[in-house]
Amino acid sequence: MTSLFRHLRRGFGENVRFAMLAVRAHKLRAALTVLGIVVGVATVIAMVSIVNGFNNNMIRSFQSFGATLVQFQKYEPRFGHGPRPSDERRRRDLTYEDAVALKAAVPEMRAVSPERYLWDTDVSVKFRDNETTSPTIAEVVADYPVANAHWIGYGRFISESDHDHGAEVAVIGEDVRKVLFPNENPLGKTLELNGHKYAVIGVLEEKGNFMGGSSNNFVLIPFSTFDRQFPHIKNSGGDTIHIATVPYTPAQVQTMTEKGRAVLRARRHVPFNKPDDFAIFTPDKLIESFTGITRGITLAMIFIASISLLIGGVGVMNIMLVSVTERTREIGVRKAVGAHRRDIVMQFLTEATTLSLLGGAIGVLLGIGIPAIVKRAFQALPAETPFWSVLVGLIVSLSVGIFFGLYPAVKASRLDPIEALRYE
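Numbering of the sequence shown is given in our numbering, commencing with residue 1237 and proceeding in unit increments.
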């Protein structure tokens, strides 16, 4: 058994050496042969890396807003833009009174945060000579930090008293602070929001980006104060509030969600046999929707890469058939001195798999390198290469070599030694 293993190992080593000699002898031909495999393997690994990194980054972003967040809103959560379905557009807006009713009727709700946002591009926030026109302006209540897991870095948050009295106070994000107050403490200072003066009472702790946008570029003001300064937003009929809620414990999420649904259905007079006329957003639901989209993109790219691998495999088979023809006399000599059919099969099969693995190795290097370059060039587009994708790339390239190299190898082994020796 030991001698047999030693013989097989020596034969395999010689076959690999012959294969590398053949590659060096026909460099251009070998390069063109494995090009399809290189492209296919690199595409698969690069796309898996980018999509995997994007998925993980998005999941971390969603979960940073709280794994137990349940948000009631008018429209169904989605990715991208475009017109809403007509049935969604006909839905009535959620109201501040809906949020009050939820808090009163659902004891499992630890925090209930009605929120409305000013999406106008004509926003100016100033402090002396410093100005920013990019922040998102939002009306919030005291429960906002707990509901959104976005805490105060220093200072204090908007209180119930601020809301009840329509106080002209503001809490700002780190991005706004860096622009307006780069070298001084903002607490107690007065900024101007579209000409209205607000005292800065707190600064939110810095938070990671969400879906490519900053989570720190906010100016938050009391709910009642927002409605007074921007009455057109409340009365436009096209803007609605979002009601963010969280339970006391993760185990209460399901109960809280069902009770909240029942309260809103009753308030909105939805018949028992009709679907909800509002949407319920949870991080898990959005993560599921997002991964469904990226899964489809990944499958499409794998299909395209498979075509490239098929082309590469056909190239390997063609070049091996040419190699068999070129080395007919060599095959005849080997058979004449006692080589078995399996030895011929192993020789040419090893050469085919060596070519494929060479292409696979180059493809793996490119597949790892491309996402790394993308990650360095575009910080908002993370990439993470899982080990299994590298392993799959090498296994696929090996399988291509075996599958497409088998026919030429068997054909070579079936050559008649006398005819092969006569071949010119």
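Ideal Cβ positions, reconstructed from N, Cα and C, are used throughout, including at glycine.
Check, Outcome
"Tell me, to the nearest whole angstrom, how far the beta carbon of A1374 is from that of L1456; I am working on the premise that it is less than 8 Å.", "5 Å"
"So for P1483, helix, strand or coil by DSSP?", "strand"
"Report back the beta-carbon spacing between S1349 and V1377 to the nearest angstrom; my notes put them in contact at under 8 Å.", "6 Å"
"Examine the Cβ distances between the region 1275-1295 and the region 1531-1540 and report whether three or more of them are shorter than 8 Å.", "yes"
"Along the beta strand (DSSP E) that carries P1458, what are the first and last residues, could you check?", "1454-1458"
"Do you know offhand how far N1358's Cα is from V1439's?", "As written in the sequence, residue 1358 is Asp, which differs from the Asn given in the question. Whole-angstrom Cα-Cα distance: 23 Å."
"Taking just the CA atoms, how far does L1601 sit from A1608?", "11 Å"
"Between V1412 and V1361, how many whole angstroms is the CB-CB distance? I'm expecting something under 8 Å.", "7 Å"
"Going straight from the alpha carbon of G1603 to that of I1555, what length do you get?", "25 Å"
"Taking the C-alpha atoms as reference points, what is the distance between R1578 and Y1643?", "13 Å"
"Pick from I1606, S1322, A1340, A1385: whose alpha carbon is nearest that of A1619?", "I1606"
"At the level of alpha carbons, what is the spacing between A1515 and A1487?", "21 Å"
"Given a cut-off of 8 Å, decide if F1363 and F1308 are closer than it, judged by their beta-carbon atoms.", "no"
"In angstroms with no decimal places, state the Cα-to-Cα distance between G1497 and V1407.", "The sequence given here places Arg at residue 1497; Gly does not occur at that position. Answer to the nearest angstrom: the Cα atoms are 31 Å apart."
"Compare the Cα-Cα distances from V1489 to each of I1281, T1304, K1263, A1267 and report the closest residue.", "T1304"
"How big is the Cα-Cα spacing for E1428 and R1612?", "38 Å"
"Which residues in the same chain as S1460 place their Cβ atom closer than 6 Å to its Cβ, once the five residues preceding and following it in sequence are excluded?", "H1399, G1402"
"Verify whether the separation of the beta carbon atoms of I1547 and L1338 is less than 8 Å.", "no"
"Using the Cα positions of D1513 and H1505, report the straight-line distance between them to the nearest angstrom.", "10 Å"
"Along the chain, where does the alpha helix (DSSP H) containing R1327 start, and where does it finish?", "Segment: none, R1327 is in no alpha helix (DSSP H) and carries neither H nor E."
"Assuming contact is defined by CB atoms lying nearer than 8 Å, are V1277 and G1596 in contact in what I supplied?", "yes"
"So for V1646, helix, strand or coil by DSSP?", "helix"
"Based on the DSSP output, what are the partners of L1423 in its beta bridges?", "Note: L1423 sits in no beta bridge, so no partner."
"Along the chain, where does the alpha helix (DSSP H) that runs through V1376 open and close?", "V1376 -> not in any alpha helix (DSSP H); beta strand (DSSP E) instead, spanning 1372-1376."
"What does a CB cutoff of less than 7 Å around Q1465 pick up in its chain, not counting 5 residues either side in sequence?", "H1432"
"Have a look at F1393, V1275, V1280 and flag the residue whose alpha-carbon is nearest the alpha-carbon of W1624.", "V1280"
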